[in-house]
Amino acid sequence: MQVTASAVSLTVDDVAASAAFLTTHFGYEEVMSAEGFVSLHRDDDAMDVVFLRRGIEVLPEGFRDQHAAGLIIALVVTDLAAEEARLRAEGVPITMPLREEPWGERLFQVTDPNGVVVQLVEWVTPSGENAPR
């Protein structure tokens, strides 16, 4: 198998609001759209993001009314502190403050208007007992 592209599709109530959030604050560009659907892309990101309106018939019948939940769009970035400052300056509420996990993951989270969590991550060398030996 050869994979030439990948995307994650999220079901939301307001496709335009989620699309605007990623294009405005995270540099995604709209590459396709139709009623109840938008596909977003970044040249430097390995995965596109697709938003589908809840209830759209392209989804299997048992899944049409579900809402994107329990998942995180995680973006590994350089200079995490600068990204947090930029988003704060743009008025984006930080829903999980900057923190560092013992395994070396520094992160913070924001949430789009439909409740989709976007997590920005920067990897650092862990300290203490979790440091590589």
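Counting from 2, one number per residue, gives the positions in the sequence shown under this note's numbering.
Just so it is clear, CB atoms sit at the ideal spot from N, CA and C, and this is done for glycine as well.
- Look at Ala69 here: in three-state DSSP terms it is coil, with no helix or strand label.
- When DSSP states are grouped into helix, strand and coil, Val119 belongs to the strand group.
- Asp14 and Arg55 do touch by the CB rule: their CB atoms are close to 5 Å apart, below 8 Å.
- Counting C-beta pairs with one atom in each stretch, the segment 69-85 and the segment 100-120 have three or more that are closer than 8 Å, which means they touch.
- Note that the C-beta distance between Ala69 and Val39 is not below 8 Å.
- DSSP places Glu84 in no beta strand (DSSP E) but in the uninterrupted alpha helix (DSSP H) bounded by 81-90.
- Between Glu91 and Leu23, the alpha-carbon positions lie close to 13 Å from each other.
- A Cβ-Cβ separation of about 5 Å places Gln120 in contact with Ile73 under the 8 Å criterion.
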